[in-house]
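Undergrad: For the sequence shown, this note's numbering assigns the number 43 to the initial residue and increments by one for each residue that follows.
All residues carry an ideal CB built from backbone N, CA and C; glycine is no exception.
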Amino acid sequence: MSHMWTFQRVGGLDQVVFKNANDIINLPDLDPKLWVALSCPTTGLDFDERTLALLDSDKDGRIRIPDILDAISWTQDKITSFDSILSSSETLSLSQINTSTPQGEKLSITAHSILASLNKNNVNYLTQDDVQQSIKINASKLYNGDLIFPVSSELSPDMQTFIQTAINTTGAQKDMSGQDGIDLNIATTFVDNLKTWLQWQTQISKTPTPFGENSAETWKLIQQLKPKIDDYFLRVELAQYAPQAQTALNVDEKYIVPTQNGLLSDDALAQLPLSKIDTTNALDLVNGLNPLWKAKVNRLKTLIAPALANPDLLTEQEWQNIQHSLKTYTTLISTKPEIAQIKVEIAPSASIEDIPSNTIAHLANSELLDEFTQMVEQDNKTPISSSDVLVLEKLVLFHKHLYRLLVNFVSFADFFSLKTRAAFQLGKLYIDGRCATLCVAVDNIAKHATMANYSELCLLYCECTRHGQKQLIAAAMTAGKGDLLIEGRNGVFIDNDGNDWDANVVKIITKPISIQQAIWAPYQRMGRVITEQINKWASSKDADVAKSSEQALQNPANKFDIGKSVGIFAAIGLAIGAIGTALATLFQAIFALAWWQLPLVFIGLFLIISGPSVILAWLKLRRRTLGPLLEASGWAINGQVKINLMLGSLLTSKAELPANAKRNLRDPMKQRHHKLAIIFWLAILLGIGATGGWLWHEGYLDHYIEQHKQQQTQNKTDTNANIGK
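1) Along the beta strand (DSSP E) that carries residue 472, what are the first and last residues, could you check?
2) Would you say residue 187 faces chain D, with C-beta separation under 8 Å as the test?
3) Out of curiosity, what's the CA-to-CA distance linking residue 522 and residue 472?
4) Between 696, 111, 384 and 378, which lies nearest to residue 524 when the distance is taken from Cα to Cα?
5) State yes or no: is the C-beta of residue 81 within less than 8 Å of the C-beta of residue 66?
6) Determine, using beta-carbon pairs with one atom in the region 434-453 and one in the region 88-98, whether at least three such pairs fall under 8 Å.
7) To the nearest angstrom, how far is the alpha carbon of residue 166 from that of residue 153?
8) Going by beta-carbon coordinates alone, are residue 211 and residue 397 separated by less than 8 Å?
9) If you follow the alpha helix (DSSP H) that residue 769 is in, where does it begin and where does it stop?
10) Do residue 455 and residue 482 have their beta-carbon atoms positioned less than 8 Å apart in this structure?
11) At the level of alpha carbons, what is the spacing between residue 42 and residue 248?
12) Could you tell me the distance, in whole angstroms, from the CA atom of residue 142 to the CA atom of residue 178?
13) Would you mind reading off the limits of the alpha helix (DSSP H) that contains residue 113?
14) I'd like to check one pair, residue 97 with residue 113: are the Cβ atoms closer than 8 Å?
15) Considering only DSSP beta bridges, list what residue 533 is partnered with.
16) Specify the secondary structure class of residue 664 as computed by DSSP and reduced to three states.
17) Quick check for students: name the residue ranges of the alpha helix (DSSP H) that lie wholly in the region 215-301, counting only runs of 4 or more.
18) Taking 8 Å as the cut-off, does the region 681-694 touch the region 475-489 (at least 3 CB pairs, one atom from each stretch)?
19) Residues in the same chain with beta-carbon distance under 7 Å from residue 291, minus the five sequence neighbours each way, listed in chain order, please.
20) Near residue 367, which residues of its chain fall below 6 Å by C-beta distance, leaving aside the five closest residues on each side in sequence?
21) Residue ranges of each beta strand (DSSP E) run of no fewer than 3 residues wholly in the region 327-364, ordered along the chain?
22) Helix or strand or just coil, what does DSSP make of residue 401?
23) To which residues of the same chain is residue 476 closer than 8 Å at the C-beta, ignoring the five residues directly before and after it?
24) Which of the three DSSP states, helix, strand or coil, is assigned to residue 688?
25) Should residue 452 and residue 116 be called a contact, given that it needs their Cβ atoms to be closer than 8 Å?
26) On the CB-based measure, 16 or more other CB atoms within 10 Å of its CB, does residue 49 come out buried or exposed?
27) So the candidates are 227, 379, 703 and 358; which of them puts its Cα closest to the Cα of residue 240?
28) In the DSSP assignment, find the alpha helix (DSSP H) that holds residue 152 and state where it starts and stops.
29) Assign residue 74 to buried or exposed, taking buried as 16 or more other Cβ atoms, counted over all protein chains shown, within 10 Å of its Cβ.
30) Along the alpha helix (DSSP H) that carries residue 414, what are the first and last residues, could you check?
31) Tell me whether the beta-carbon of residue 205 lies closer than 8 Å to the beta-carbon of residue 223.
32) Taking the beta carbon of residue 490 as the centre, do at least 16 other beta carbons fall within 10 Å, making it buried, or is it exposed?
33) On the criterion of 16 or more Cβ atoms from any shown chain inside 10 Å, does residue 627 qualify as buried, or is it exposed?
34) If you run the structure through DSSP and keep just helix, strand and coil, what is residue 313?
35) Closer than 7 Å by C-beta to residue 391: which residues in its own chain qualify, once you throw out the five before and the five after it? Chain order, please.
36) Is the separation between the beta-carbon of residue 531 and that of residue 548 shorter than 8 Å?
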């Protein structure tokens with residue numbers, strides 16, 4: 043019979059509800075397509091880091107469905123009941139440990155031993171802190187049950203050398219204290235490698251050569267000098283074949299010109315012949331040698347002297363004979379044994395070749411490996427075993443954190459709850475009178491923004507700094523307006539531990555934030571257009587005035603043209619009259635309506651202006667989703683996880699006065715500004731009126747009014763004539 047699941051429709055998804063322990067135990071039977079998340083990173087989360095590390099058994103930096111199912115199965119075998127998992131308790135009762143198995147019985151004994159070592163004999167539960175203290179206390183002991191031994195002053199000098207050399211050439215593991223050490227596998231591999239190497243070296247040393255105990259040094263020198271000596275004899279053959287080429291085969295003059303410091307570089311010398319080239323088929327081992335190779339040639343001369351007819355000359359045949367005499371030796375050296383490699387936490391930093399021969403012989407043939415084996419056996423008998431403590435640590439952590447992981451992975455219950463925060467919510471961003479709580483970690487802003495753009499969320503990418511530390515976050519603004527959200531603005535980010543970070547907005551993904559913003563957006567756009575036009579007009583007129591003033595100053599003979607001035611004021615008067623007429627017509631039409639028609643007019647105007655903006659914003663706000671935002675941070679989400687208007691208003695809170703606060707609506711600064719504005723505009727209107735009255739009293743306007751009437755009469759006559767035709 044299949045398990046009876048309970049699902050709740052939230053965020054556009056059917057999300058499983060964990061009501062009891064059976065819901066968790068039967069999770070392997072739940073279709074992965076019904077899980078909200080398929081995988082998530084182990085970084086950038088507000089979650090216990092040690093628990094994530096234990097879940098990530100393959101150390102790939104990701105948590106997947108099999109990792110969670112394995113954790114559930116592993117925990118189920120260790121405790122008697124899963125019911126306590128749902129409470130995410132800080133403590134693990136010792137009675138919860140399943141002692142029906144040998145491992146469970148051992149864990150129970152270890153738990154009591156830990157409490158006894160902490161002087162908590164009367165306590166019947168374990169906490170994460172208890173386990174951490176036990177690990178810390180045991181880590182300082184040489185025999186702590188982890189079966190790993192670092193270099194310690196408590197050990198003999200020979201054992202210290204044994205462990206350190208093994209670390210250098212074979213690798214190391216981290217012990218409980220965090221130090222580099224070796225276990226029995228590393229020690230055994232190390233000794234086996236030493237014996238293999240020693241056997242090979244012994245075989246080489248027993249191979250007969252004409253050079254006796256100097257065979258190794260002679261062979262190395264021959265390998266180093268062979269290219270240069272072979273090159274010398276080849277040049278000699280070419281000189282014998284073509285004597286006219288002898289000059290070219292020697293050092294060209296341009297190569298012996300000193301450099302700025304008066305010396306030739308070693309690289310330049312290394313490319314030159316070993317000695318002066320002539321037709322003599324022998325290499326002079328004393329005179330005329332390349333300075334860079336002279337010391338090595340002199341040493342070779344001493345070592346191979348028994349094989350030379352003339353100790354100062356090396357013929358080509360003697361050179362071939364020497365190499366042939368070392369053929370067996372060379373073949374043996376080329377069969378260098380492979381050194382075994384094993385998987386370790388700390389890779390080796392040196393090679394066995396770097397160890398002196400006498401040290402290799404001592405470490406390989408001594409009884410140090412047997413002594414180390416006895417140390418491991420003694421460590422394994424420690425009352426509080428490291429391996430058992432680590433198992434208890436894992437059990438305590440899973441018992442405490444497993445349920446929270448499930449409601450942040452299988453479902454997003456924590457995210458949609460009003461009382462808790464999701465694991466991906468890192469803190470709160472305070473900016474522009476708002477607090478954004480949907481803040482996620484970001485590694486690369488450009489890469490993150492490409493995917494997060496599909497979330498239809500307005501995102502602020504912030505660089506947060508604190509005491510030299512830096513982190514990047516993306517904060518979703520889901521309420522309020524976006525007028526003052528610009529790149530470069532500063533805010534404060536408070537992480538979940540209460541630490542405050544200086545936040546600077548470095549990038550913005552602009553999207554609709556709220557219906558309120560959409561309502562006023564058309565009016566704000568019209569206001570910006572009008573303001574821009576006024577600024578352009580004012581700038582143009584200011585430039586004209588400046589130009590006129592400059593011309594007047596340059597040509598003082600120009601007099602005031604009363605005709606132009608009259609025309610200007612007449613135009614202003616006509617404009618004011620036209621505006622007044624239009625306003626009068628508008629108000630006349632409005633007041634001609636019935637009282638119940640007035641609200642309909644204003645509602646219609648509002649719908650015409652704000653309606654399209656509101657509808658467009660509403661459609662976009664309905665598409666807001668959490669999925670792409672988390673996908674950009676490394677998650678794999680099964681669905682969209684929609685963020686509706688209500689949830690958006692909860693994720694970003696706006697500034698509000700406390701419940702018992704009082705608001706004084708009288709703003710003295712605003713009131714003063716209002717009076718000054720009224721006085722300014724009254725002065726402008728009085729000035730225009732006084733100027734117009736003076737022009738009318740003097741008769742300057744009569745001529746223009748008469749012309750205006752004649753123009754209207756002419757227009758009517760022309761219109762009637764056209765109709766008659």
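TA: Looking at the atomic coordinates:
1) 469-473
2) Considering every chain present, this structure includes no chain D. It has just one protein chain.
3) Separation of residue 522 and residue 472 (C-alpha to C-alpha, rounded to the nearest whole angstrom) is 13 Å.
4) For residue 524, the closest C-alpha among the options 696, 111, 384 and 378 is that of 696.
5) no
6) yes
7) 9 Å
8) Yes, they are a contact pair.
9) Only positions 43 to 767 of the chain appear in the structure, and residue 769 is not among them; the question remains open.
10) no
11) Residue 42 lies beyond the stretch modelled for the chain, which goes from 43 to 767, so this question has no answer here.
12) Spanning the two alpha carbons is a distance of roughly 29 Å.
13) 107-120
14) yes
15) 545
16) helix
17) Whole alpha helix (DSSP H) segments, 4+ residues: 226-247, 257-283 and 288-291.
18) yes
19) 277, 280, 281 and 319
20) 252
21) 355-357
22) Of the three classes helix, strand and coil, the one that applies to residue 401 here is helix, per DSSP.
23) 519, 521, 522, 694, 695, 696 and 697
24) helix
25) no
26) Exposed: under 16 other Cβ atoms inside 10 Å.
27) 379
28) 144-159
29) exposed
30) In the DSSP assignment, residue 414 falls within the unbroken alpha helix (DSSP H) covering 410-422.
31) yes
32) buried
33) exposed
34) coil
35) 210
36) no
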